[in-house]
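In my numbering, the protein residues as written are 699 to 787. Working notes, structure below.
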């Protein structure tokens with residue numbers, strides 16, 4: 699978790715971990731404050747990506763990205779339930 703205005707601790711390690719992701723979720727961000735906003739682009743093309751925010755986001759050109767325009771508290775629980783259900787199948 700990185701709060702607005704904070705630097706990403708261990709940015710290189712965060713980018714490395716993002717590059718290994720099968721699922722990558724970005725919650726509650728404008729995706730305009732860097733370097734944290736860039737982590738989404740480190741996730742591999744094949745990874746399923748989710749961006750959740752009540753406001754439209756600049757997320758064009760990112761493969762396998764699903765944008766959910768909703769508040770985090772309303773969007774995250776059903777998304778996690780959906781992903782867990784899919785994983786059990």
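Note that the Cβ used here is the ideal one computed from N, Cα and C, for glycine as well. In this text the structure is predicted, and so the values were computed from the model without any measurement.
{"Query": "Is residue 730 helix, strand or coil when you go by DSSP?", "Result": "coil"}
{"Query": "Whole angstroms are fine: how far does the CA of residue 719 sit from the CA of residue 779?", "Result": "19 Å"}
{"Query": "Does the distance from the CB of residue 741 to the CB of residue 717 come in under 9 Å?", "Result": "yes"}
{"Query": "Between the alpha carbons of residue 730 and residue 762, how many angstroms are there, rounded?", "Result": "20 Å"}
{"Query": "When we look at the beta-carbon of residue 705 and count the other beta-carbons within 10 Å, is it buried (16 or more) or exposed?", "Result": "exposed"}
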